[in-house]
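**Q** Right, I'll just put the structure down here and ask away after.
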Amino acid sequence: MLFLPDGRQMKAADSYTIREKKIPSLILMERAARTFVETVMERKLDLSNVCVVCGSGNNGGDGFAIARLLLEKGGCVTAVMAGNPDHCTEETLRQMELFREAGGTVGNSFEEGEYSILIDAVFGAGLSRRVEGDYLACIEAMNRSGGVKLAVDVPSGVSTTTGEVATSAFRADLTVSFQCAKLGCVLYPGRDYAGEVTVTDIGVDTSVLEGDREAAYALEEKDIKTMLPKRRPNSHKGDYGKALIIAGSRGMAGAAYLAALAAYRTGAGLVQIYTPEENRTILQTLLPEAIIRCYDFFDEKELLRLLNWADVVNIGSGLGTSDKSRRILQTTLENVQVPCVVDADGLNLLAEHSRYLSRLPHDQFVFTPHMKEMSRIVKKPVEELQRNRMEILTQFTGEARITCVLKDARTCICRQGEHPYVNLSGNAAMAKAGSGDVLAGVITGLIAQGMTCFDGAVLGVYLHGLAGEAAREEKGIYSVLARDLADAVGTVLKRLEE
Ligand SMILES: NC(=O)C1=CN([C@@H]2O[C@H](COP(=O)(O)OP(=O)(O)OC[C@H]3O[C@@H](n4cnc5c(N)ncnc54)[C@H](OP(=O)(O)O)[C@@H]3O)[C@@H](O)[C@H]2O)[C@@H](O)CC1
Ligand SMILES: Nc1ncnc2c1ncn2[C@@H]1O[C@H](COP(=O)(O)OP(=O)(O)O)[C@@H](O)[C@H]1O
Ligand SMILES: [K+]
Numbered sequence: 001m002l003f004l005p006d007g008r009q010m011k012a013a014d015s016y017t018i019r020e021k022k023i024p025s026l027i028l029m030e031r032a033a034r035t036f037v038e039t040v041m042e043r044k045l046d047l048s049n050v051c052v053v054c055g056s057g058n059n060g061g062d063g064f065a066i067a068r069l070l071l072e073k074g075g076c077v078t079a080v081m082a083g084n085p086d087h088c089t090e091e092t093l094r095q096m097e098l099f100r101e102a103g104g105t106v107g108n109s110f111e112e113g114e115y116s117i118l119i120d121a122v123f124g125a126g127l128s129r130r131v132e133g134d135y136l137a138c139i140e141a142m143n144r145s146g147g148v149k150l151a152v153d154v155p156s157g158v159s160t161t162t163g164e165v166a167t168s169a170f171r172a173d174l175t176v177s178f179q180c181a182k183l184g185c186v187l188y189p190g191r192d193y194a195g196e197v198t199v200t201d202i203g204v205d206t207s208v209l210e211g212d213r214e215a216a217y218a219l220e221e222k223d224i225k226t227m228l229p230k231r232r233p234n235s236h237k238g239d240y241g242k243a244l245i246i247a248g249s250r251g252m253a254g255a256a257y258l259a260a261l262a263a264y265r266t267g268a269g270l271v272q273i274y275t276p277e278e279n280r281t282i283l284q285t286l287l288p289e290a291i292i293r294c295y296d297f298f299d300e301k302e303l304l305r306l307l308n309w310a311d312v313v314n315i316g317s318g319l320g321t322s323d324k325s326r327r328i329l330q331t332t333l334e335n336v337q338v339p340c341v342v343d344a345d346g347l348n349l350l351a352e353h354s355r356y357l358s359r360l361p362h363d364q365f366v367f368t369p370h371m372k373e374m375s376r377i378v379k380k381p382v383e384e385l386q387r388n389r390m391e392i393l394t395q396f397t398g399e400a401r402i403t404c405v406l407k408d409a410r411t412c413i414c415r416q417g418e419h420p421y422v423n424l425s426g427n428a429a430m431a432k433a434g435s436g437d438v439l440a441g442v443i444t445g446l447i448a449q450g451m452t453c454f455d456g457a458v459l460g461v462y463l464h465g466l467a468g469e470a471a472r473e474e475k476g477i478y479s480v481l482a483r484d485l486a487d488a489v490g491t492v493l494k495r496l497e498e
C-alpha cells in the first residue's frame with residue numbers, strides 16, 4: 001500500500017521525522033537533492049546548460065542543493081531566485097549560500113530560453129494559494145522554454161490536495177517526488193502536469209499518517225494476493241456466495257449480462273439475474289450459467305423472496321428509470337438485509353428520490369456512481385466535483401454512512417472511519433459503455449465471497465483496472481469491449497494465482 005499524502009500531511013510526516021527521529025531538516029533536504037540528482041544521472045541527461053528555478057520555501061532549498069550537486073557532477077548550472085529573498089526559510093538561505101560557495105551564481109529573474117535541463121523548485125508541498133503576478137509570469141516563461149523539464153517534488157502550481165491548477169502550473173516531463181507521490185500528482189489534471197512520477201526514499205517516517213484518516217492510500221499489485229478470497233479444496237458453490245443481479249430493461253440486456261459475467265469471473269458461486277421478461281432468451285443464451293428470473297410487472301412478493309435468497313445484491317445496471325424500476329429499487333433499498341451494490345440507474349432513481357437515502361436499513365451499501373451520477377446525487381456540478389472530489393465524497397459518505405466508489409480516470413473510494421483510496425490501475429481503453437457494469441459485477445463477486453463492502457470495493461476497483469490493462473494488452477486501446485474487461489478479470493486472477 002502506498003500513502004498519497006497532500007502537502008499538509010507530508011509536512012506532518014516531515015516534522016515527525018525531524019522531531020522524533022532526530023533527523024535535521026537540512027539532512028532531509030540533502031537526501032532529497034541527492035536522490036533527485038541520482039535520478040538525473042541514471043537517465044544520462046545532458047548537463048551542459050542546466051537552469052534551476054527556486055522559490056523561497058524549502059522546495060527552493062532543495063533546488064539550490066540540487067544545483068550544487070549538479071555543479072559537482074561537472075554540469076554547467078545556473079540558479080535563479082524566483083521568490084522573495086526576504087521570505088527565505090533558514091534552510092533555503094543556507095543552501096543558497098552553499099551553492100554560491102561551490103562557485104554557482106544566483107540570478108534574480110528567470111530568462112526564457114533553451115536549456116538542456118530546466119528544473120522547477122519554485123513551489124512544492126507548501127503551495128497555499130493561487131499562483132499570480134511575477135510567479136505566474138515565471139512559470140509560464142518556464143513552460144515556453146526548451147529543455148527536459150524536471151519538477152522537484154511537485155510541479156509548481158498544482159494543488160497537492162486536489163490536483164487542481166488554479167491559474168497555471170509547470171508542465172514537467174518528470175517529477176521526482178520525495179518519499180511519497182503527492183495526491184495532487186495522481187489526480188487529474190495534476191497528473192498531466194507531473195509527467196512521469198518517480199518516488200525516491202529520503203527516510204521520512206510516514207507512520208504518523210496511519211493515524212490520519214484523511215490520508216489517502218493506493219493499492220499496489222503486491223497487496224492484493226493476501227486480500228483475495230481463498231478457495232478451499234473441500235468447498236462447494238454455496239461457499240462462494242449467491243449473487244442477485246437486478247439489472248437490465250427493454251433493450252438493455254447487456255448491462256445485466258456484463259454485471260453477471262463479471263461476478264462469475266471474479267469467483268461468485270451462483271449468480272441469479274432478475275430482469276424483464278423480454279431479456280430472458282438473450283440472457284439465457286449469453287450466460288447459461290446464470291439463473292434467469294423474469295418479471296412483466298412489479299411483483300413485491302417475488303422480489304422479497306429473491307432478496308431473502310441472496311448473499312449479496314447488485315441493483316441498477318441498465319435498470320431504466322421507469323416507475324416499475326423505481327418500485328423495484330425502493331423495495332430493494334428498504335428491505336435488503338445483505339450487502340447491496342447500487343449502480344447506474346439505481347443511482348439515478350435515488351437522486352430523484354433522495355428520501356430513499358434516509359431509509360437504508362443498514363450500512364452495507366456500496367454506491368458506484370460516475371461523475372455525472374454523483375453530481376445528480378449530491379446536487380453539485382460535475383466541475384465542482386472534479387475540483388474537489390475527496391472533500392465532497394468524504395462529506396457524502398459521512399452523512400450517508402455507505403461505501404462510495406466515485407468512478408473516473410482516477411476512481412476514489414471512501415467510507416467513514418476508513419482511509420480513502422485512490423485507484424492507480426486502468427487506462428483509457430476502459431472509457432467505453434459497459435465498463436461500469438463490469439465493475440459493479442466484480443465488486444459484487446468479491447462481496448459474495450465474503451469480503452466486506454469497503455474491501456470488496458477497493459480491491460474490485462483495482463482488479464477492474466488491472467483487467468483494463470490486460471485487455472488493452474490483448475486488444476489495443478481502441479478496441480477493448482466491456483466483455484473483454486470481464487474476461488480479463490479472469491486473466492488477472494489467474495496471473496495472481498500463479
Ligand atoms: N524539512 C522539510 O520539511 C523538507 C521539505 N522538503 C521540500 O520542501 C518542500 C516544502 O517546503 P515548504 O513547506 O517550505 O513549502 P514550498 O513548497 O517551498 O512553498 C512555500 C513557500 O511558497 C510560498 N507560497 C506558497 N504558495 C504561494 C503562491 N501561490 N504564491 C506565492 N507564494 C506562495 C509560501 O509563502 P507564504 O505562504 O509563507 O507567504 C512559502 O514561502 C517540499 O515540497 C520538498 O520539496 C524536502 O527537502 C524534504 C524535507
Ligand atoms: N481513462 C480511464 N482510465 C481509467 N479508468 C477508466 C477510464 N475511463 C473509464 N474508466 C473506468 O471505466 C468505468 C466506466 O464506468 P461507467 O462510466 O459507469 O460506464 P458504463 O456506465 O458505460 O458502464 C469506471 O470504472 C471508470 O473508472
Ligand atoms: K516544484
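The C-terminal residue of the sequence shown carries number 498 in the UniProt record's numbering, and the numbering is unbroken. Every residue gets a Cβ at the ideal spot worked out from N, C-alpha and C, and that includes glycine.
(1) Would you call the stretch 310 to 326 and the stretch 431 to 449 touching, i.e. three or more CB-CB distances under 8 Å?
(2) Could you work out which residue in Asn388, Ile224, Lys21 and Asp173 is closest to Lys494 when comparing CA atoms only?
(3) Give me, in chain order, the residues of the same chain whose beta-carbon lies closer than 6 Å to that of Gly490; leave out the 5 immediate sequence neighbours on both sides.
(4) Between Lys324, Arg387, Cys51 and Ala429, which lies nearest to Asp345 when the distance is taken from Cα to Cα?
(5) Out of curiosity, what's the CA-to-CA distance linking Gly248 and Ser159?
(6) Hey, would you say the C-beta of Val52 is under 7 Å away from at least one heavy atom of ligand 1?
(7) Output the residues surrounding ligand 3, defined as those with a CB atom closer than 7 Å to any ligand heavy atom, in chain order.
(8) Just the Cα atoms here: how many angstroms apart are Leu4 and Glu196?
(9) Any heavy atom of ligand 2 closer than 7 Å to the Cβ of Glu407?
(10) Under the three-state reduction of DSSP, which class applies to Leu35: helix, strand or coil?
(11) Hey, Val154 and Ile119: beta-carbon distance below 8 Å or not?
(12) Would you mind giving the Cβ-Cβ distance between Gly7 and Asn59, rounded to the nearest angstrom? I have them listed as a contact below 8 Å.
(13) Sorted by chain position, which residues of the same chain lie with C-beta nearer than 6 Å to residue 505's C-beta, five sequence neighbours on each side aside?
(14) By how many angstroms is the C-alpha of Ser375 removed from the C-alpha of Ile392?
(15) Tell me the rounded alpha-carbon separation between Gly320 and Gly434.
(16) Suppose you measure from the CA of Asn143 to the CA of Phe110; what does that come to, to the nearest Å?
(17) Can at least three beta-carbon pairs, one atom from the stretch 276 to 285 and one from the stretch 353 to 364, be found at a separation below 8 Å?
(18) Closest to Gly113 by C-alpha separation, out of Thr78, Arg327, Arg100 and Thr89, would be which residue?
(19) Measuring CA to CA, which of Arg43, Leu303 and Val405 is closest to Tyr462?
(20) From Ser128 to Cys138, what distance separates their C-alpha atoms?
(21) Compare the Cα-Cα distances from Arg401 to each of Cys412, Ala409, Gly417 and Arg410 and report the closest residue.
(22) Can you tell me which of the three DSSP states Val148 falls into?
(23) How would you write the range of the alpha helix (DSSP H) that Ser325 sits in, first residue to last?
(24) Could you have a look at Glu384 and say whether DSSP puts it in helix, strand or coil?
(25) Does the beta carbon of Pro339 sit closer than 8 Å to a beta carbon anywhere in chain C?
(26) Contact between the stretch 461 to 475 and the stretch 419 to 428: three or more CB pairs below 8 Å?
(27) Is any non-hydrogen atom of ligand 1 found closer than 7 Å to the C-beta of Ile202, if you look at the structure I gave you?
(28) Any contact between the stretch 377 to 391 and the stretch 325 to 345? By contact I mean 3 or more CB pairs, one from each, below 8 Å.
(29) Apart from the five residues on each side of it in sequence, which residues of its chain come closer than 6 Å, Cβ to Cβ, to Gly146?
(30) Out of Ala256, Asp201 and Cys412, which has the shortest C-alpha to C-alpha gap to Ala243?
(31) Would you check whether ligand 2 has a heavy atom nearer than 7 Å to the C-beta of Met451?
(32) Whole-angstrom Cβ separation of Leu47 and Cys76, contact assumed at under 8 Å?
(33) Once you ignore the five residues that flank Phe298 on each side, which residues in its own chain have a CB closer than 6 Å to its CB?
(34) Just checking, does the stretch 8 to 16 make contact with the stretch 29 to 48 on the three C-beta pairs under 8 Å criterion?
(35) Rounded to whole angstroms, what is the Cα-Cα separation between Met390 and Thr162?
(36) Is Ser322 near ligand 1, judged by its Cβ being under 7 Å from some heavy atom?
**A** So, from the data block:
(1) Segments in contact, yes.
(2) In the sequence shown, counting from the first residue as 1, residue 494 sits at position 494. Nearest C-alpha to Lys494: Ile224.
(3) Along the sequence shown, one-based indexing puts residue 490 at 490. Cβ neighbours of Gly490 within its own chain (closer than 6 Å, five residues either side excluded): Arg265.
(4) Sequence index remark: in the sequence shown, residue 345 carries index 345 (1-based). Comparing Cα positions, the closest option is Lys324.
(5) Here residue 248 is taken as the residue at index 248 of the sequence shown, counted from 1. Here residue 159 is taken as the residue at index 159 of the sequence shown, counted from 1. If you take the alpha carbons of Gly248 and Ser159, they lie about 41 Å apart.
(6) Numbered from 1 along the sequence shown, position 52 holds the residue referred to as residue 52. No.
(7) Asn59, Asp120, Ala121, Val122, Phe123, Gly124, Ala151, Val152, Asp153, Val154, Pro155, Ser156 and Phe170
(8) Taking the first residue of the sequence shown as position 1, residue 4 is located at position 4. Taking the first residue of the sequence shown as position 1, residue 196 is located at position 196. Cα to Cα, the separation comes out at about 16 Å.
(9) In the sequence shown, counting from the first residue as 1, residue 407 sits at position 407. A quick correction: the sequence has Lys, not Glu, at residue 407. Yes, ligand 2 has a heavy atom inside 7 Å of this Cβ.
(10) Counted from its first residue, the sequence shown places residue 35 at position 35. In the sequence as displayed, the identity of residue 35 is Thr instead of Leu. Three-state result, Thr35: helix.
(11) Taking the sequence shown and counting its residues from 1, one reaches residue 154 at position 154. Taking the sequence shown and counting its residues from 1, one reaches residue 119 at position 119. Inclusion of Val154 and Ile119 in the CB contact set at 8 Å is not warranted, their separation being larger than that value.
(12) As a first step, residue 7 must be located in the sequence shown, where it is residue number 7. As a first step, residue 59 must be located in the sequence shown, where it is residue number 59. Their Cβ separation, rounded to whole angstroms, is 10 Å, which puts Gly7 and Asn59 out of contact at 8 Å.
(13) Because the chain is modelled from 1 through 498, residue 505 falls outside the range shown and cannot be assessed.
(14) As a position in the sequence shown, residue 392 is number 392, starting the count at 1. As a position in the sequence shown, residue 375 is number 375, starting the count at 1. Cα to Cα, the separation comes out at about 10 Å.
(15) Within the sequence shown, the letter at position 320 stands for residue 320. Within the sequence shown, the letter at position 434 stands for residue 434. The alpha-carbon atoms of Gly320 and Gly434 are separated by roughly 14 Å.
(16) The sequence position of residue 143 within the sequence shown is 143, counting from 1. The sequence position of residue 110 within the sequence shown is 110, counting from 1. Computed Cα separation, rounded: 12 Å.
(17) no
(18) As a working mapping, residue 113 is identified with position 113 in the sequence shown. Checked all of Thr78, Arg327, Arg100 and Thr89; the closest Cα to Gly113 is Thr78.
(19) If you number the sequence shown from 1, residue 462 lands on position 462. Of the candidates Arg43, Leu303 and Val405, the one whose C-alpha sits nearest the C-alpha of Tyr462 is Val405.
(20) To locate residue 128, count along the sequence shown from 1; it is residue 128. To locate residue 138, count along the sequence shown from 1; it is residue 138. Distance between the alpha carbons of Ser128 and Cys138: 17 Å.
(21) What you label residue 401 is simply residue 401 of the sequence shown in a count that begins at 1. The shortest C-alpha separation from Arg401 is found at Gly417.
(22) Sequence index remark: in the sequence shown, residue 148 carries index 148 (1-based). In this structure, Val148 counts as strand in the three-state DSSP scheme.
(23) On the sequence shown, residue 325 is found 325 positions in, with the first residue counted as 1. Per DSSP, Ser325 is one residue of the alpha helix (DSSP H) stretching across Asp323 to Asn335.
(24) The sequence position of residue 384 within the sequence shown is 384, counting from 1. Three-state result, Glu384: helix.
(25) Protein chain content of the structure displayed is limited to a single chain, and chain C is not contained in it.
(26) yes
(27) As a first step, residue 202 is located in the sequence shown; it is residue number 202 there, counting from the start. Ile202: yes, Cβ under 7 Å from ligand 1.
(28) no
(29) For this step, residue 146 is matched to residue 146 along the sequence shown. For Gly146, where only same-chain residues beyond five positions count, the Cβ hits under 6 Å are Glu114.
(30) Position 243 of the sequence shown holds residue 243. If we check each option's Cα against that of Ala243, Ala256 comes out closest.
(31) Indexing the sequence shown from 1 puts residue 451 at position 451. Checking the Cβ of Met451 against ligand 2 gives no.
(32) Taking the sequence shown and counting its residues from 1, one reaches residue 47 at position 47. Taking the sequence shown and counting its residues from 1, one reaches residue 76 at position 76. About 7 Å; that satisfies the 8 Å criterion.
(33) The residue you call residue 298 lines up with position 298 of the sequence shown. Excluding sequence neighbours, Phe298 sits near Lys324 and Arg327.
(34) no
(35) The residue you call residue 390 lines up with position 390 of the sequence shown. The residue you call residue 162 lines up with position 162 of the sequence shown. When rounded, the distance between both Cα atoms is 8 Å.
(36) Within the sequence shown, numbered from 1, the residue matching residue 322 stands at position 322. Not under cutoff, so the answer is no.
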